[in-house]
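Participant: In the working numbering, the protein residues as written are 133 to 433.
Sending over a structure as structure tokens; questions will come in a sec.
In structure tokens:
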């Protein structure tokens, strides 16, 4: 799954949920084409209309409009333009169940994060679908925003580019490719970022790395079982939190306070999440991480 429309809960998918298909949902070319093309298409449309036909009903017109619709839909996804998106698919947010439309745009907006790094921290008991949620929803939204980006994890993930289980190797890769946008997912965060066992390593190795995420073009995600599991340093840097009460539900939060997530993004958990493919990752993978960083790598020359 490397194409844009296969790596996101796309607008086409949203349209299918609401209507079953996208046919007939879009006006001929209004709002879809650039200004320099508008007058030419309008001339053709008016000429055909005199004969009782429309451009979109011709073979050429059908192909042209499909191309414009696809390009406009992809731009709406990239820009998070809700009004353009709803016009393209012919629906509004109120037409959908499970907040799928607003949920999709929220994912995209948080991935964009005003051009600052995404720092995602998620929680949930075992077998609530935390890893699948990051890989299937967040990663696909990220790929839509950065189709040429590189995806890295300490877990074996079918849709990722690299599996790296050494922090030094990870940092070196980021230093060697500072201008390439990267999605770094560290699975088993309850183990690797446990304040009780790895406090020194987090402070001396991970924190110097994470403070350079913007310069190194890194977006980051990790997951734990409870909010107590994850070191406070990671929670302080988080831009979005999520909680998975069960496999088909998720709730996003803006912040945390003591041992609780606070300021929910949606009034209720989003329900009806799509199930990730079983082959996406191995749930029995140990997802190890070696704390072996030579801090001199991050010191300026």
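For every residue, glycine included, the Cβ atom is placed at its ideal position computed from N, Cα and C.
Indicate whether residue 235 and residue 394 have their beta-carbon atoms separated by less than 8 Å.
Facilitator: no
Participant: Flag this pair as touching only if the region 384 to 400 and the region 278 to 289 have three or more C-beta atom pairs under 8 Å; answer yes or no.
Facilitator: no
Participant: Mind checking whether residue 239 and residue 273 have CB atoms under 8 Å apart?
Facilitator: yes
Participant: Can you tell me the Cα-Cα spacing of residue 254 and residue 369, whole angstroms?
Facilitator: 13 Å
Participant: Whose C-alpha, out of 345, 358, 341, 409, is nearest the C-alpha of residue 314?
Facilitator: 345
Participant: Of the residues 430, 409, 431, 419, which one's Cα is nearest the Cα of residue 317?
Facilitator: 419
Participant: Is it the case that the region 374 to 393 contacts the region 285 to 297, given that we only count it when at least three CB pairs across the two stretches are under 8 Å?
Facilitator: The region 285 to 297, when compared against the region 374 to 393, does not touch it at the 8 Å Cβ threshold.
Participant: Suppose you measure from the CA of residue 423 to the CA of residue 404; what does that come to, to the nearest Å?
Facilitator: 38 Å
Participant: Applying the 10 Å Cβ sphere with the 16-neighbour rule, what's the burial state of residue 260?
Facilitator: buried
Participant: If we ignore side chains and look at the alpha-carbon of each, how far apart do residue 328 and residue 310 end up?
Facilitator: Each residue's Cα considered, the two are about 32 Å apart.
Participant: Got a sec, what are the start and stop residues for the beta strand (DSSP E) residue 353 sits in?
Facilitator: 350 to 356
Participant: What number of angstroms, rounded off, separates the C-alpha of residue 384 from the C-alpha of residue 342?
Facilitator: 22 Å
Participant: Helix, strand or coil for residue 334? Go by DSSP, reduced to three states.
Facilitator: In this structure, residue 334 counts as helix in the three-state DSSP scheme.
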